[in-house]
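Enquirer: For what it's worth, my numbering labels the leading residue of the sequence shown as 2, then goes sequentially. Virtual Cβ for every residue (Gly too), placed ideally from N, Cα, C. One structure, as structure tokens, below. Some questions next.
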Amino acid sequence: MAKLKRSQIALGSFHYPRYSLNYFLDSAQRLGVRNVEIWGVAPWACAEDLSAADCENIRREIESRGLAHICYCPEQNTYPVNIGASLPQVRERSIKVLEKALRVCAATGSQTMLLCPGSSSLDEDFEEGWKLRRESVERLVKTAEREGVTMVIETQTFDDCNTLQTAAEQRRLLDEVNHPNFKAMLDFNQMTQFGDTVPGNLSVLGDDLRHVHIGAAYDSCLDLTLQGEKLREVYPYGRPLSGHIDFRGANTPFRRYLSELAEGGYPYYATVEICSRACYRDAETAAARALEMVLECTD
């Protein structure tokens with residue numbers, strides 16, 4: 002069975018927001034991790050709050066522990082930052098926030114920033130919303146290029162975004178923007194929810210697949226024989242998963258997904274992502290359990 006390299010695995014700070022930055026970085030060290038992904042939220046990593054000195058301090062704290070900051074993920078999902086908003090003032094503010102986030106990403110030592118596609122109103126024209134989203138990305142890639150950062154676009158649940166649920170939609174946006182600083186990422190949970198597969202993502206996205214989130218999810222009636230259009234006929238808004246949970250409670254085959262990535266020759270990073278609030282209080286224990294399962298699948 003093919004395996005990813007241990008050096009490709011990162012730990013995300015997504016379930017550490019009740020702790021300090023230094024606690025998270027020390028936790029990563031204790032757990033034997035060498036790569037970290039920083040979630041850009043308060044109290045210590047929200048781009049809007051950070052000065053140049055703050056960024057330098059974050060970078061220094063990461064590097065002093067021998068860690069690498071492999072991706073910065075500014076919060077931008079169901080919050081006021083929305084690059085797909087139809088209101089010009091909301092979209093303009095969102096672009097400015099994410100331009101700052103790109104600068105923060107570079108200043109804190111990362112060359113990759115996660116980008117969410119934003120969402121249009123459900124009663125608005127789909128193609129008009131798509132056009133606004135694309136135009137926002139086309140503006141952001143200019144800053145990304147100047148900062149030496151690659152933006153990786155994530156698929157979303159339908160509740161978060163009414164487009165970009167599949168690798169095929171990522172491929173369309175990549176082709177329309179057509180810029181070397183704009184690539185795609187794969188999230189195990191969204192992939193499972195909408196009936197995509199790891200081999201399918203690798204086939205559709207090829208070397209434009211530059212980042213992965215290793216998530217765990219649970220579905221009380223999980224049937225993985227349902228894939229693609231067949232699944233979306235049954236679940237037009239996606240399979241009813243409980244996602245980004247403690248890895249102990251998952252029944253999605255994340256180990257198989259990791260093996261399929263390795264078999265497909267995926268050479269980039271993959272971050273353990275836990276977003277469950279139930280894991281906030283004892284974040285390190287949840288991370289340790291997840292890493293133990295994930296690292297069994299690595300060399």
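Can you look up G207 in the DSSP assignment and give me helix, strand or coil?
Expert: Helix, per DSSP.
Enquirer: Between L116, R282, E49, which lies nearest to R19 when the distance is taken from Cα to Cα?
Expert: The candidate whose alpha carbon is nearest that of R19 is R282.
Enquirer: Tell whether a beta-carbon distance below 8 Å holds between A169 and V199.
Expert: Not a contact, by the Cβ cut-off of 8 Å.
Enquirer: Mind checking who I39 pairs with in its DSSP beta bridge?
Expert: Bridge partners of I39: Y73.
Enquirer: What is the DSSP secondary structure of A185, counted as helix, strand or coil?
Expert: Correct three-state label for A185: strand.
Enquirer: Look at the alpha carbon of C276 and the alpha carbon of G216, and state the distance between them as a whole number of angstroms.
Expert: Each residue's Cα considered, the two are about 9 Å apart.
Enquirer: Please return the same chain residues whose Cβ sits closer than 7 Å to the Cβ of I96, not counting the five positions on each side in sequence.
Expert: Closer than 7 Å at the Cβ level, and outside the excluded window around I96, lie I84, S137, R140, L141.
Enquirer: Between the region 158 to 173 and the region 111 to 121, are three or more C-beta pairs nearer than 8 Å?
Expert: Enough Cβ pairs lie closer than 8 Å, so yes.
Enquirer: Taking the beta carbon of V213 as the centre, do at least 16 other beta carbons fall within 10 Å, making it buried, or is it exposed?
Expert: Buried, since its Cβ has 16 or more Cβ neighbours within 10 Å.
Enquirer: Nearest-angstrom Cα distance between M152 and L175?
Expert: If I take the Cα positions, the gap works out to 11 Å.
Enquirer: Is S111 buried or exposed, if buried means 16 or more other CB atoms sit within 10 Å of its CB?
Expert: With 16 or more Cβ atoms within 10 Å of its Cβ, S111 is classed as buried.
Enquirer: Within the region 207 to 272, note down every full beta strand (DSSP E) run reaching 3 residues or more, in order along the chain.
Expert: Here the runs fully enclosed are 210 to 215.
Enquirer: Out of G250, V235, L203, L232, point me to the one whose CA is closest to G266's CA.
Expert: When only C-alpha atoms are compared, the closest one is L203.
Enquirer: Using only CA atoms, which one of C298, R60, R240 lies nearest to L262?
Expert: Checked all of C298, R60, R240; the closest Cα to L262 is C298.
Enquirer: Go through its chain and collect everything with a Cβ distance to A251's Cβ below 8 Å, but skip five positions before and after it.
Expert: Here the set comprises A217, A218, Y219.
Enquirer: Where does I10 sit, in a helix, a strand or coil, going by DSSP?
Expert: If DSSP states are grouped into helix, strand and coil, I10 belongs with the strands.
Enquirer: Check I84 in the structure and name its three-state DSSP category.
Expert: Reduced to three states, the DSSP call for I84 is coil.
Enquirer: Starting from V91 and walking both ways along the beta strand (DSSP E), at which residues does that stretch end?
Expert: Not the beta strand (DSSP E): V91 falls in the alpha helix (DSSP H), residues 89 to 108.
Enquirer: Would you call the region 91 to 109 and the region 243 to 250 touching, i.e. three or more CB-CB distances under 8 Å?
Expert: No, because fewer than three Cβ pairs between the region 91 to 109 and the region 243 to 250 fall closer than 8 Å, the two stretches do not touch.
Enquirer: May I ask which residues mark the beginning and end of the alpha helix (DSSP H) holding T144?
Expert: Note, T144: alpha helix (DSSP H), 127 to 148.
Enquirer: Which residue's Cα is closest to the Cα of A46: D188, L103, F195, Q191?
Expert: Out of D188, L103, F195, Q191, L103 has the C-alpha closest to the C-alpha of A46.
Enquirer: Whose CA, out of Y17, G33, Q166, E128, lies closest to the CA of Y238?
Expert: It is Q166.
Enquirer: With DSSP as the reference, identify every bridge partner of L115, one or two as the case may be.
Expert: Beta-bridge pairing links L115 to V153.
Enquirer: Just tell me which of T286, Y270, G229 has its CA closest to the CA of S8.
Expert: Answer by Cα proximity: Y270.
Enquirer: Identify, in the order they occur along the chain, each residue of the same chain with its Cβ nearer than 6 Å to the Cβ of S28, setting aside the five sequence neighbours on each side.
Expert: Within the same chain, S28 has close Cβ partners E285.
Enquirer: I believe R31 touches A69 by the beta-carbon criterion, under 8 Å. Please report the beta-carbon distance rounded to the nearest angstrom.
Expert: Not really, about 17 Å apart at Cβ, beyond 8 Å.
Enquirer: What's the gap between the Cα of N182 and the Cα of K231?
Expert: Cα-Cα distance, rounded: 34 Å.
Enquirer: Nearest by alpha-carbon distance to A289: which of E128, D197, Y17 is it?
Expert: Minimum Cα distance to A289 is reached at Y17.
Enquirer: Is it right to say G33 is buried, meaning 16 or more other beta carbons lie within 10 angstroms of its own, or is it exposed?
Expert: So G33 counts as exposed.
Enquirer: Taking Cβ to Cβ, would you say E76 is nearer than 8 Å to V42?
Expert: Closer than 8 Å, so yes.
Enquirer: Excluding the 5 residues flanking E148 on each side, which residues of the same chain have their C-beta closer than 8 Å to its C-beta?
Expert: Around E148: L103, R104, C106, A107.
Enquirer: Taking only three categories from DSSP, how would you classify T299?
Expert: In the structure shown, T299 sits in a strand (DSSP, three-state: E or B).
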